[in-house]
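What follows is a single structure, written as structure tokens, with notes after it.
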Amino acid sequence: FLAFSLFTSNPFTRLDPAPVDGRGLNPILQDIGLAMHPPMLYLGYVGLSMAFAFAVAGLIDGRVDKHWARVMRPWVSAAWCALTLGIALGSWWAYYELGWGGWWFWDPVENASLMPWLAATALLHSSLVVEKTGQLKSWTILLAIIAFSLSLVGTFIVRSGLLTSVHSFASDPARGVFVLGILLVAIGIPLALFAWRGPQLVSSTQTQLISREAGLIANNFLLTAATLIVLIGTFYPLALEVATGARITVGPPYFDATFTPVMSMLVICMAIGPLLVWRSGVMPSARTTLTAACIGASLASLAGLSLVSGLSAAAIAGLGLAGWLGISVIGDLLSRIKPFGPGARLQRLKLISGPIWGMWVAHFGMVIFLIGALGEGLFQTEVITRAKPGETIMLAGQEAKFTGVEARQGPNYQTETAIIDLFENGRQITTLYPEKRFYPAARQTTTEAAIRTRLSGDHYIVLGDGDAEKGYTLRLYHKPLVSFIWLGTIFMALGGGIAILRRPRPALKTTVEPA
579 FLAFSLFTSN
589 PFTRLDPAPV
599 DGRGLNPILQ
609 DIGLAMHPPM
619 LYLGYVGLSM
629 AFAFAVAGLI
639 DGRVDKHWAR
649 VMRPWVSAAW
659 CALTLGIALG
669 SWWAYYELGW
679 GGWWFWDPVE
689 NASLMPWLAA
699 TALLHSSLVV
709 EKTGQLKSWT
719 ILLAIIAFSL
729 SLVGTFIVRS
739 GLLTSVHSFA
749 SDPARGVFVL
759 GILLVAIGIP
769 LALFAWRGPQ
779 LVSSTQTQLI
789 SREAGLIANN
799 FLLTAATLIV
809 LIGTFYPLAL
819 EVATGARITV
829 GPPYFDATFT
839 PVMSMLVICM
849 AIGPLLVWRS
859 GVMPSARTTL
869 TAACIGASLA
879 SLAGLSLVSG
889 LSAAAIAGLG
899 LAGWLGISVI
909 GDLLSRIKPF
919 GPGARLQRLK
929 LISGPIWGMW
939 VAHFGMVIFL
949 IGALGEGLFQ
959 TEVITRAKPG
969 ETIMLAGQEA
979 KFTGVEARQG
989 PNYQTETAII
999 DLFENGRQIT
1009 TLYPEKRFYP
1019 AARQTTTEAA
1029 IRTRLSGDHY
1039 IVLGDGDAEK
1049 GYTLRLYHKP
1059 LVSFIWLGTI
1069 FMALGGGIAI
1079 LRRPRPALKT
1089 TVEPA
């Protein structure tokens, strides 16, 4: 990577003649979100190199055991947390900066960061199996290599310009070839080493069908399937163009039909897995917890049906999954402290290990994420209209009064700024200022959405083209619970951070259920 910087992207290369007035940074990138999103994402990419190093060292040394997994897992957790936050920051930035009102588009660059995240999630769980039972050694080694290789693939997609993306801002085929060379050398040799030494690491221990490790194997199968689905959806258009010359786009319909069902099955497993016991059996509280989870799923689905008419089967299932997972997490927590007296329950909570707390927090973060995604997807209101100054637009039972458009001067741009007063029950609750900005140096126009953010939902307004006589095009959205999407990812990352902490668990005189 040092050679990549020196020979293809040297920041100290002089320009001759020196420009009197440079074009400046791409206007879309002149935002605080871009000071946080790429560094966090690449911190996750680089963090996976530690897991990759552990894998190669294990193959060379031939010693992959419980201690190896115990030492590697915190590094995987840290990289996974960084990737989670990096992806969330990118989604949040695209939501408020690009002005199209969405938070995920299945764009190739978005997929490039999602694939290593999925692989890292699988690695995080498979390494736990190695640590607890000594199984899945060979598979965990392969996952570590794949996760890091997908990070390099992500860098290749972003820098090569090979795939068209709304997120590509600096692409160069020469740089892409260099990254591809790094990928082939850095991954080809470890894969050859794995083909040679990997079979020697296969465990002879039989896995019981009803056991925690069997649940985590199912988890890994589903996450691997999801990774392959995203990989195929990302590269299939390129492969088809090379083979036939035809150009197609793979978008949300493909991922809705393939990725969503796989992840739905994963959510089901997330509720069942923690209730299984290592090596064989289930916890005594499993039946009670799963019964409560089924009731929670039914109530969530019924609540959705009562609030929205004509819900699709997929929407009903999504609401049920959120209720299923949420109640199962709460039930698992309560079952671990129930055998103790009221005075000892708080002490018991303190003695529960960091990884268990991390699991609960991360899984509950998934519940919050599902609530946000379902709320925004099912209950969103959209109004696209052409309005003249003084007119009022109705949006989700509220009134948006379009006062007019003013010309303003920014630090390095000129704007057309709309003034829109938002009323609820006849009372003004806020004023929003969506903009269209023109950057003379770059000769580029951008759209700046105006957003009123509340935990209950966002008001999101975008100013389009027009004039005072014919009116201006306005896009107005009400997005219920959309902030839960990013709140959920924060909880997921927080759970990963908590899981890194390893507290000693002193023996208790009272018999406890298996962790």
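Read in order, the letters of the sequence shown are residues 579 to 1093 in this note's numbering. Each residue gets a CB set at the ideal place from its N, CA and C atoms; glycine is no exception.
State yes or no: is the C-beta of residue i within less than 9 Å of the C-beta of residue j?
{"i": "residue 1099", "j": "residue 604", "result": "There is simply no residue 1099 to check, as the chain begins at 579 and stops at 1093 in what is shown."}
{"i": "residue 661", "j": "residue 622", "result": "yes"}
{"i": "residue 1059", "j": "residue 1040", "result": "no"}
{"i": "residue 635", "j": "residue 718", "result": "no"}
{"i": "residue 1016", "j": "residue 998", "result": "no"}
{"i": "residue 943", "j": "residue 901", "result": "no"}
{"i": "residue 675", "j": "residue 1026", "result": "yes"}
{"i": "residue 802", "j": "residue 700", "result": "yes"}
{"i": "residue 776", "j": "residue 706", "result": "no"}
{"i": "residue 1030", "j": "residue 1052", "result": "no"}
{"i": "residue 910", "j": "residue 867", "result": "yes"}
{"i": "residue 932", "j": "residue 794", "result": "no"}
{"i": "residue 883", "j": "residue 948", "result": "no"}
{"i": "residue 682", "j": "residue 669", "result": "yes"}
{"i": "residue 1063", "j": "residue 895", "result": "no"}
{"i": "residue 659", "j": "residue 1066", "result": "no"}
{"i": "residue 619", "j": "residue 664", "result": "yes"}
{"i": "residue 899", "j": "residue 846", "result": "yes"}
{"i": "residue 779", "j": "residue 640", "result": "yes"}
{"i": "residue 772", "j": "residue 585", "result": "no"}
{"i": "residue 831", "j": "residue 637", "result": "no"}
{"i": "residue 686", "j": "residue 812", "result": "yes"}
{"i": "residue 1012", "j": "residue 1024", "result": "no"}
Please report the straight-line C-alpha distance between residue i and residue j, rounded to a whole angstrom.
{"i": "residue 1050", "j": "residue 611", "result": "29 Å"}
{"i": "residue 940", "j": "residue 589", "result": "39 Å"}
{"i": "residue 725", "j": "residue 696", "result": "8 Å"}
{"i": "residue 594", "j": "residue 985", "result": "38 Å"}
{"i": "residue 881", "j": "residue 905", "result": "15 Å"}
{"i": "residue 907", "j": "residue 790", "result": "16 Å"}
{"i": "residue 953", "j": "residue 1057", "result": "8 Å"}
{"i": "residue 1044", "j": "residue 973", "result": "21 Å"}
{"i": "residue 626", "j": "residue 893", "result": "35 Å"}
{"i": "residue 990", "j": "residue 617", "result": "25 Å"}
{"i": "residue 710", "j": "residue 854", "result": "13 Å"}
{"i": "residue 888", "j": "residue 956", "result": "10 Å"}
{"i": "residue 959", "j": "residue 878", "result": "21 Å"}
{"i": "residue 1077", "j": "residue 1070", "result": "11 Å"}
{"i": "residue 642", "j": "residue 734", "result": "31 Å"}
{"i": "residue 851", "j": "residue 698", "result": "18 Å"}
{"i": "residue 1102", "j": "residue 865", "result": "Outside the modelled stretch of the chain, which goes from 579 to 1093, sits residue 1102, for which no answer is possible."}
{"i": "residue 792", "j": "residue 708", "result": "12 Å"}
{"i": "residue 983", "j": "residue 1014", "result": "10 Å"}
{"i": "residue 1090", "j": "residue 788", "result": "Note that residue 1090 scores 44 on pLDDT, short of 50, meaning its location in the model is unreliable; the coordinates nonetheless yield the value given after this. If you take the alpha carbons of residue 1090 and residue 788, they lie about 20 Å apart."}
{"i": "residue 897", "j": "residue 913", "result": "24 Å"}
{"i": "residue 1008", "j": "residue 761", "result": "51 Å"}
{"i": "residue 988", "j": "residue 613", "result": "20 Å"}
{"i": "residue 680", "j": "residue 1035", "result": "14 Å"}
{"i": "residue 810", "j": "residue 694", "result": "14 Å"}
What residue range does the alpha helix (DSSP H) around residue i cover?
{"i": "residue 639", "result": "611-639"}
{"i": "residue 674", "result": "644-675"}
{"i": "residue 1007", "result": "First-last for residue 1007: 1005-1010, but that is the beta strand (DSSP E), not the alpha helix (DSSP H)."}
For residue i, decide whether its Cβ has a neighbour in chain B, counting only Cβ atoms nearer than 9 Å.
{"i": "residue 976", "result": "Among the chains of the structure shown, chain B does not appear; only one protein chain is present."}
Need the endpoints of the beta strand (DSSP E) that residue i sits in, please.
{"i": "residue 1024", "result": "1022-1026"}
{"i": "residue 1016", "result": "1013-1017"}
{"i": "residue 1079", "result": "Taken as a continuous stretch (DSSP letters only), residue 1079 belongs to no beta strand (DSSP E), as it is neither H nor E."}
{"i": "residue 1001", "result": "992-1002"}
{"i": "residue 811", "result": "Careful: residue 811 lies outside any beta strand (DSSP E), inside the alpha helix (DSSP H) at 790-822."}
{"i": "residue 1057", "result": "1049-1058"}
{"i": "residue 1036", "result": "1035-1045"}
Can you give, in chain order, each stretch of the alpha helix (DSSP H) that sits fully within the segment 933-983 and has at least 4 residues?
-> Fully enclosed alpha helix (DSSP H) runs of 4 or longer: not present.
Any chance the segment 709-725 sits against the segment 786-801, with 3 or more Cβ pairs inside 8 Å?
-> yes
The segment 675-695 touching the segment 728-736, judged by at least three CB pairs closer than 8 Å = yes
Three or more C-beta pairs closer than 8 Å, one from the segment 647-657 and one from the segment 625-634: is that the case here?
-> yes
Those runs of the alpha helix (DSSP H) which lie wholly inside the segment 678-728 and span at least 4 residues | 686-711
Quick check: the segment 926-939 against the segment 958-977, are there 3 or more CB pairs under 8 Å?
-> no
Start-end ranges of the alpha helix (DSSP H) lying completely within the segment 851-899, minimum 4 residues = The segment 851-899 contains these whole alpha helix (DSSP H) runs: 864-885.
Between the segment 833-844 and the segment 803-820, do at least 3 Cβ pairs fall closer than 8 Å?
-> yes
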